[in-house]
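S.K.: The structure follows.
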Amino acid sequence: MSLYINQIRQLAALQRVDDGIHAVQLELEAAPREVQELEKSFAAQDSQRSWIQDKIKHLQDQQRRLNYDIKDEEARLSSSRNKLMQVENDQEYQAVMREIDIMKRQNQTREEELTALREELAKQEENLKSQETSWEASKNELEMQKSGLQKRLDACKEKLAGLEAQRRDVGGSIEPPILKRYEFIRDRLRHPVIVPVDDGICSGCHMMLPPQTFVELQRGSSILSCPSCQRLIFWSANIPEEAAPQSAEQK
Ligand SMILES: [Zn+2]
């Protein structure tokens, strides 16, 4: 039993190093993905902002054009009013009056358009202002994450190198056939490799062990595998200090 317990302890020690490696590998995968996601969400925000900016520019152009047309019409109106002073008969007078009337109505329409335009412009400017803060924050966050990414990856790689060295040490003290079994499972299954069994249930796959296997496991004479997930198993009551709950990932 004590040889068996020693073997399990060695495997559990190796597993702890692999826990560290696993965590670093997750970080290595997550770091660039996080930056990509930030990039994506910033791009969406940025295109929304550009759209509003374009809209504002377009409205401003329209506003300028309308103002110009109104001034132009006013100039023509005043020259028509001058003409009114020089008409020689009623027919001419009526004709100029009609002209003036048309021009006035046209400018009135333009003024109405201008009012609607100003309202829309104010709305879009407000819109832009309310987006500005979060756009700025996202931009800064993205730049920070981008410039920090390489540093983050380098730190991970350094940590990984340390863990790999530790792994060679710990692995070196394990009997080769047992280590080979461990590595075989590690190459094929998701983390972790060795898991405790509590109340007859494998904590790697949460399946109930066949009663006979559980009895054999409790005896603690040889290293067993879970018949469902193939992970190495030990009875938690045999080595309670190694039986801290582990959550396994499903393949
Ligand atoms: Zn299992």
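Residue numbers (the numbering used here): 2 to 252. Glycine residues also receive a C-beta, built at the ideal position from the N, C-alpha and C atoms. Being a predicted model, the structure only gives us computed values, none of them experimental.
1) Need the endpoints of the alpha helix (DSSP H) that Ile186 sits in, please.
2) Taking the alpha-carbon of Gln231 as reference, which of Arg189, Phe215, Gly221, Gln219 has the nearest alpha-carbon?
3) Could you check which residue in Ala117, Gly201, Ile6 has the C-alpha nearest to that of Ser229?
4) Between Glu165, Glu35, Asn239, Glu217, which lies nearest to Pro197 when the distance is taken from Cα to Cα?
5) Run through DSSP, which three-state label would Arg157 get?
6) Cutting at 8 Å between CB atoms, please list the residues of its own chain near Glu38, excluding the five before and the five after it.
7) Would you mind sorting Glu243 into buried or exposed? The rule is 16 or more other CB atoms within 10 Å of its CB.
8) How long is the line joining the alpha carbons of Ile195 and Val25, rounded to whole angstroms?
9) Just to confirm, does Gly173 get its C-beta within under 7 Å of one of the non-hydrogen atoms of ligand 1?
10) Taking a contact to mean a Cβ-Cβ separation below 8 Å, would you say Glu35 touches Gln132 in this structure?
11) My understanding is that Leu233 touches Ile175, with C-beta atoms under 8 Å, so please give their C-beta distance in whole angstroms.
12) State buried or exposed for His59, treating a residue as buried only when at least 16 other CB atoms are found within 10 Å of its CB.
13) Grab the span of the beta strand (DSSP E) containing Ile234 for me, first residue to last.
14) How about Leu122 and Gln49: do their beta carbons lie closer than 8 Å?
15) Given this structure, state the Cα-to-Cα distance separating Lys72 from Ser135, to the nearest angstrom.
16) Quick one: which unbroken alpha helix (DSSP H) runs of 4-plus residues sit fully inside the region 121–176? Chain order, please.
17) For Leu143, would you say it is in contact with chain D, using Cβ-to-Cβ distances shorter than 8 Å as the test?
18) When DSSP labels each residue in this structure, what does Glu42 get in the three-state scheme?
19) Can you give me the start and stop residues for the alpha helix (DSSP H) that Val88 sits inside?
20) Can you give me the C-alpha to C-alpha distance between Gly21 and Glu127, rounded to a whole angstrom?
21) Tell me the DSSP secondary structure of Met1 in three-state form.
22) Could you check how far apart the C-beta atoms of Met98 and Arg77 are, in whole angstroms? I think they sit under 8 Å.
23) Buried or exposed, going by whether 16 or more other CB atoms sit within 10 Å of the CB of Ser80?
24) Could you name the residues of the same chain whose beta carbon sits closer than 8 Å to that of Met86, not counting the 5 residues immediately before and after it, in chain order?
25) Quick check: the Cα distance between Leu15 and Lys158, rounded to an integer number of angstroms?
26) Distance, Cα to Cα, Pro178 vs Tyr5?
M.R.: In short, the structure shows the following:
1) Locating residue 186 in the sequence shown gives position 185, where the first residue counts as 1. 177–189 is the extent of the alpha helix (DSSP H) around Ile186.
2) Sequence index remark: in the sequence shown, residue 231 carries index 230 (1-based). Taking only the C-alpha atoms, the option nearest Gln231 is Arg189.
3) Along the sequence shown, one-based indexing puts residue 229 at 228. Answer by Cα proximity: Gly201.
4) The residue given as residue 197 occupies position 196 in the sequence shown. For the residues Glu165, Glu35, Asn239, Glu217, the minimum Cα distance to Pro197 belongs to Asn239.
5) Stepping through the sequence shown from its first residue, residue 157 is reached at position 156. In the sequence as displayed, the identity of residue 157 is Cys instead of Arg. Residue state, collapsed to three classes: helix.
6) Within the sequence shown, the letter at position 37 stands for residue 38. So no residue of the chain qualifies.
7) To locate residue 243, count along the sequence shown from 1; it is residue 242. So Glu243 ends up on the buried side.
8) Residue numbering aside, residue 195 sits at position 194 when the sequence shown is read from its first letter. Residue numbering aside, residue 25 sits at position 24 when the sequence shown is read from its first letter. Distance between the alpha carbons of Ile195 and Val25: 19 Å.
9) Numbered from its first residue, the sequence shown carries residue 173 at position 172. No, Cβ of Gly173 sits at least 7 Å from all heavy atoms of ligand 1.
10) In the sequence shown, residue 35 corresponds to position 34, counting from 1. In the sequence shown, residue 132 corresponds to position 131, counting from 1. No, these two residues do not count as a Cβ contact at 8 Å.
11) Numbered from its first residue, the sequence shown carries residue 233 at position 232. Numbered from its first residue, the sequence shown carries residue 175 at position 174. That pair is no contact at about 12 Å.
12) Against the sequence shown, residue 59 aligns to sequence position 58. Under this definition His59 is an exposed residue.
13) Position 233 of the sequence shown, counted from the first residue, corresponds to residue 234. Note, Ile234: beta strand (DSSP E), 233–236.
14) As a position in the sequence shown, residue 122 is number 121, starting the count at 1. As a position in the sequence shown, residue 49 is number 48, starting the count at 1. Going by C-beta atoms, Leu122 is not nearer than 8 Å to Gln49.
15) Taking the first residue of the sequence shown as position 1, residue 72 is located at position 71. Taking the first residue of the sequence shown as position 1, residue 135 is located at position 134. Lys72 and Ser135: Cα-Cα distance of roughly 40 Å.
16) none
17) Within the model displayed, chain D is absent; a lone protein chain is all it includes.
18) The sequence position of residue 42 within the sequence shown is 41, counting from 1. Inspection of the sequence shows that residue 42 is occupied by Ser rather than by Glu. Looking at Ser42 - three-state DSSP - the assignment turns out to be helix.
19) Here residue 88 corresponds to residue number 87 of the sequence shown, with the count starting at 1. First-last for Val88: undefined, no H or E at that position.
20) For the purposes of this step, residue 21 is taken as the residue at position 20 of the sequence shown. For the purposes of this step, residue 127 is taken as the residue at position 126 of the sequence shown. So the alpha carbons of these two residues sit roughly 50 Å apart.
21) Missing from the structure shown is residue 1; the chain here goes from 2 to 252 and no further.
22) As a working mapping, residue 98 is identified with position 97 in the sequence shown. As a working mapping, residue 77 is identified with position 76 in the sequence shown. Incorrect: roughly 14 Å between the Cβ atoms, too far for contact.
23) The residue labelled residue 80 in the question sits at position 79 within the sequence shown. Flag for Ser80 reads exposed.
24) Counting from 1 along the sequence shown, the entry for residue 86 is found at position 85. Excluding residues within five positions, none has a Cβ falling inside 8 Å.
25) For the purposes of this step, residue 15 is identified with residue 14 of the sequence shown, where counting begins at 1. For the purposes of this step, residue 158 is identified with residue 157 of the sequence shown, where counting begins at 1. Spanning the two alpha carbons is a distance of roughly 19 Å.
26) The count along the sequence shown starts at 1 and reaches residue 178 at position 177. The count along the sequence shown starts at 1 and reaches residue 5 at position 4. Using only the alpha carbons, I get a separation of about 14 Å.
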